[in-house]
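Trainee:
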Amino acid sequence: MKNIATITICTLITFISGCASPAKDISASYVSPMVYESYDCGQISSEASRLTRKVSESAGRVDERASDDSGTMALGLILFWPSLFFLDGDGPEAQEYARLKGGYEALEVVSIEKKCSHKFQAIALPEKKVTETPDSPI
1 MKNIATITIC TLITFISGCA SPAKDISASY VSPMVYESYD CGQISSEASR
51 LTRKVSESAG RVDERASDDS GTMALGLILF WPSLFFLDGD GPEAQEYARL
101 KGGYEALEVV SIEKKCSHKF QAIALPEKKV TETPDSPI
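Letter by letter, the sequence shown follows residues 1 to 138 of my numbering.
(1) Here's a check: name, in chain order, each residue in its chain whose Cβ is nearer than 8 Å to the Cβ of residue 41, leaving out the five neighbours to either side.
(2) Helix, strand or coil for residue 28 per DSSP?
(3) State the DSSP-derived secondary structure class of residue 81, mapped to helix, strand or coil.
(4) Please report the distance separating the alpha-carbon of residue 57 from that of residue 51.
(5) What is the residue span of the alpha helix (DSSP H) that residue 95 lies within?
(6) Note down, in chain order, each residue of its chain lying with its Cβ closer than 6 Å to the Cβ of residue 81, except the 5 sequence neighbours on either side.
(7) How long is the line joining the alpha carbons of residue 91 and residue 60, rounded to whole angstroms?
(8) Quick one: grab the DSSP three-state call for residue 116.
(9) Compute the Euclidean distance between the alpha carbons of residue 65 and residue 26, then round it to the nearest angstrom.
(10) Does the Cβ-Cβ distance between residue 47 and residue 107 come in under 8 Å?
(11) Compute the Euclidean distance between the alpha carbons of residue 97 and residue 38, then round it to the nearest angstrom.
(12) Can you give me the C-alpha to C-alpha distance between residue 31 and residue 44, rounded to a whole angstrom?
(13) What number of angstroms, rounded off, separates the C-alpha of residue 95 from the C-alpha of residue 55?
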């Protein structure tokens, strides 16, 4: 009986660890600041705006994939366990998100070194859409 419980717990942990990570849990990949070393302050500001937009778009795709995996996990645990074999995990979207986030950080380093006036903000992740439910009559 103990062996069955142990095997079940290990299997669940394996499947849960295979779920895609939400954007807030993905750390930046290292990008060398030398990539942006030749940029002047105007180019740094333009590139920061572009990267901010790209990071936000990429975060949306990463969160969508994580949400899809969560749904598959719930379905698998409740109704149909073979669906757990179709969990995607972190894919190319997560790698691209980490790279873009790293580029943004490298750009900030170069901006500070060149004493540019562009103010870098923490990258804002897209908020999840909340749908309102009508009040139910009492």
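Positions of the beta carbon are idealized from the N, C-alpha and C atoms, including for glycine.
Mentor: Taking the definition as stated:
(1) 111, 114, 116, 117 and 118
(2) coil
(3) Note that residue 81 scores a pLDDT of 49, beneath 50, so its modelled location is shaky and nothing firm can be said.
(4) 10 Å
(5) 92-113
(6) Model confidence at residue 81 stands at a pLDDT of 49, short of 50, so the residue's coordinates are unreliable and nothing is read from them.
(7) 14 Å
(8) coil
(9) 13 Å
(10) yes
(11) 24 Å
(12) 15 Å
(13) 12 Å
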